[in-house]
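For reference, the structure is listed below as structure tokens.
Number of protein chains: 2
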Amino acid sequence: MDAVSLPTPLTNCLSTQCSLCSTLSEPARAELTRISRIRNFDAGETILAEAETFEIVGQVLSGVLRMQKTLFDGRQQIVGLLMPGDLFGHVFARTSHVAIEAATEAVLCCYHRQSFEALFTQFPEIEHRMLAAVTEELDAAQDWMLLLATQTVTQRMATFFLYLRRKSLPLDVPHLMGPPVIEVPICRKDLAAYLGTTVESVCRSIQQMAREHLIRILDPHRFELVDIEGLALLSHADEEFRDLKAYRSIRAG
Amino acid sequence: MDAVSLPTPLTNCLSTQCSLCSTLSEPARAELTRISRIRNFDAGETILAEAETFEIVGQVLSGVLRMQKTLFDGRQQIVGLLMPGDLFGHVFARTSHVAIEAATEAVLCCYHRQSFEALFTQFPEIEHRMLAAVTEELDAAQDWMLLLATQTVTQRMATFFLYLRRKSLPLDVPHLMGPPVIEVPICRKDLAAYLGTTVESVCRSIQQMAREHLIRILDPHRFELVDIEGLALLSHADEEFRDLKAYRSIRAG
DNA sequence: CGAGCAATTGAACGCTGTCAACCCGAGTGG
DNA sequence: CCACTCGGGTTGACAGCGTTCAATTGCTCG
Chain A
0 MDAVSLPTPL TNCLSTQCSL CSTLSEPARA ELTRISRIRN FDAGETILAE
50 AETFEIVGQV LSGVLRMQKT LFDGRQQIVG LLMPGDLFGH VFARTSHVAI
100 EAATEAVLCC YHRQSFEALF TQFPEIEHRM LAAVTEELDA AQDWMLLLAT
150 QTVTQRMATF FLYLRRKSLP LDVPHLMGPP VIEVPICRKD LAAYLGTTVE
200 SVCRSIQQMA REHLIRILDP HRFELVDIEG LALLSHADEE FRDLKAYRSI
250 RAG
Chain B
0 MDAVSLPTPL TNCLSTQCSL CSTLSEPARA ELTRISRIRN FDAGETILAE
50 AETFEIVGQV LSGVLRMQKT LFDGRQQIVG LLMPGDLFGH VFARTSHVAI
100 EAATEAVLCC YHRQSFEALF TQFPEIEHRM LAAVTEELDA AQDWMLLLAT
150 QTVTQRMATF FLYLRRKSLP LDVPHLMGPP VIEVPICRKD LAAYLGTTVE
200 SVCRSIQQMA REHLIRILDP HRFELVDIEG LALLSHADEE FRDLKAYRSI
250 RAG
């Protein structure tokens, strides 16, 4: 079920797949490994409840987590998806305003928050890395705010499809020219909660894109992106424009 | 025009009003002051253009800045407002994806980015503070994503009004029990761009809330919050629920 | 076989974006 | 003093996208 399954099972985060460790010096890595703990979660399990004090921070090794907020009436909004390589958790004692749950089966590399923070003084590079991660997440959040506020459901859908494709490319370079097939690792309900709409609208958007030959529905969770240029035009937030240019240069070259 | 005007004019950021410096040790503060530079901006001036490399970081001393993104078709979305005390700028060399402009006249305490970063090794507490600021901003962004995705325009409006009230309270404690009057420091156009809607819808929402006696319009930029409980019920994202409870306990006590 | 869930499709209502007109105060120049 | 312009704010009419309610299908699981 993993959208981005790793080639070999991991036993710790020293793998090159682990973006947190791979950019650190040897001693820092060793210390991190010492306090790390690999944990497995089933789909639907709660890693952190809303309004709970963050006691762990960590990194996704495989699977997908959703960061979500719940409204009074039970509606849920997903404010971010955590894919393999992404860091999660706050490095401060303040309580969280988001819940983190496993959207699929997931393997995480976890650290006790306080032990993790204690390493900051000894290895400032870890804090640098953390600051970079949070900054990146903020950028992504602001990008998504733009989408939620200004784009139609179909446009958001197209943007999400292109995002999934971009995510899957780095691990899939040999198939760069092959048929671009993406796997959506979450159910329609989560998709709706992420795109800020309803299950029904998600279905209609998907079917509409299929009717317009932008995509081909292989099964409810796998789609072939038939007309990537068309999708990019649909999406064309400035971020996606860059993708479009890259796509054209690949075609031309 | 400042929503939160400071009691006395500031000449540097050593003031207690400066949240960045006030939490730091004396030597760190001294160093920061040494490299700081106070700058004034008129309403509408650009502090940082989109896709430009961040060369300064700093803090808002007075006035309001808007962080905004521009779409291909010229529409603009505000992804965050920076109020007095807020930090701005990325501490990395990567180019920005947002533009920062002065929404009102503003006074900023600026640092050259590289000089600022250079202090990290000597004073890790500055980096701590920066990490805290970015984390806080991320929280705010996720809160706002929830609003943009799930609430109606009127609900977002109500949430924004309550947010402004909360912001103004700390500096206005003696008037806690007085008539809650808020001052909206930005024009309707910015309001619409922040709430993810249009100028027309903003007007309609405001007039509707006035008709329902939730607010009273003093002038286009000042409102009396007549029925705070009603506004909180309208807004009731979980964050506002806390406000509601606090309000009730004040009333009961 | 029935229960339950995910996904899909249909129909109707309503919020909100669009287009348009209007008000109003500030500035400007005759 | 008036006419004019300009920008910000407000209001109205209307169409369209998307939510809501409802029903159906297909699948898994006990």
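Top line first, the protein sequences correspond to chains A and B.
When the letters of the first sequence are read in order and numbered with numbering that gives the first Met the number 0, they come out as residues 0 to 252.
When the letters of the second sequence are read in order and numbered with numbering that gives the first Met the number 0, they come out as residues 0 to 252.
Backbone N, C-alpha and C define an ideal beta-carbon position, used for all residues, glycine too.
Inside the region 80-127 of chain A only - alpha helix (DSSP H) runs reaching at least 4 residues: 112-121
Cβ distance (whole Å) where residue 107/A is taken to contact residue 43/A below 8 angstroms: That belief does not hold up - the Cβ atoms of residue 107/A and residue 43/A are roughly 15 angstroms apart, past 8 angstroms.
Determine, for residue 138/B, whether the minimum Cβ-Cβ distance to residues of chain A falls below 8 angstroms. yes
DSSP has residue 65/A in a bridge; who is on the other side? 80/A, 100/A
Rank 145/A, 55/A, 88/A, 89/A by C-alpha distance to the C-alpha of residue 97/B and give the top, closest one. Distances from the CA of residue 97/B to each of 145/A, 55/A, 88/A, 89/A were compared; the closest alpha carbon is that of 145/A.
What is the rounded straight-line gap between the Cα of residue 31/B and the Cα of residue 122/A? Approximately 23 angstroms, taken between the alpha carbons.
Which residues share a DSSP beta bridge with residue 221/B? 182/B, 218/B
Against residue 97/A, what residues of chain B qualify as contacts under a CB-to-CB distance less than 8 angstroms, listed in chain order? Those within 8 angstroms of residue 97/A in chain B are 141.
Outcome for residue 50/A when other beta-carbon atoms lying within 10 angstroms are tallied against a minimum of 16: Label assigned to residue 50/A: exposed.
Mind reading off the beta-carbon distance from residue 148/A to residue 76/B? Whole number of angstroms is fine, and I expect it under 8 angstroms. 5 angstroms
Starting from residue 74/A, follow the alpha helix (DSSP H) in both directions and report where the run begins and ends. Counting along the chain, residue 74/A falls outside any alpha helix (DSSP H), and DSSP gives it neither H nor E.
Can you give me the start and stop residues for the alpha helix (DSSP H) that residue 256/A sits inside? The structure shown does not extend to residue 256/A, since chain A is modelled only from 0 through 252, so no value can be given for it.
What does residue 78/A reach in chain B if we use C-beta pairs closer than 7 angstroms? Per Cβ cutoff of 7 angstroms: 141, 144, 145.
Can you tell me whether residue 45/A is helix, strand or coil according to DSSP? strand
Comparing alpha-carbon positions, which option in 105/A, 80/A, 70/A lies nearest residue 37/A? 105/A
Near residue 191/A, what residues of its chain come up, given a Cβ to Cβ distance below 6 angstroms and the 5 sequence neighbours on each side ignored? 197, 198, 201
Tell me whether residue 41/B is buried or exposed, calling it buried when 16 or more other Cβ atoms sit within 10 Å of its Cβ. So residue 41/B counts as exposed.
What does residue 126/B touch in chain A if you count any residue whose Cβ is under 8 angstroms from its own? 123, 126, 127, 130
Contact residues within the region 198-220 of chain A, judged by C-beta distance below 7 angstroms to chain B: none
Within 10 angstroms of the Cβ of residue 27/A, are there 16 or more other Cβ atoms? Answer buried if so, exposed if not. buried
Are three or more beta carbon pairs between the region 221-233 of chain B and the region 182-190 of chain A nearer than 8 angstroms? no
I need the boundaries of the alpha helix (DSSP H) containing residue 234/A, first residue and last residue. 227-234
At a cut of 8 angstroms, does the region 116-132 of chain B reach the region 152-159 of chain B through at least three beta carbon pairs? no
Three-way DSSP call (helix, strand, coil) for residue 206/A in this model: Reduced to three states, the DSSP call for residue 206/A is helix.
Near-chain A residues of the region 182-199 of chain B (beta-carbon distance less than 7 angstroms), N- to C-terminal order: Here the close residues are 195.
What residues in the region 60-89 of chain B have a beta carbon less than 8 angstroms from any beta carbon of chain A? 66, 68, 69, 70, 71, 74, 76, 78, 79, 89
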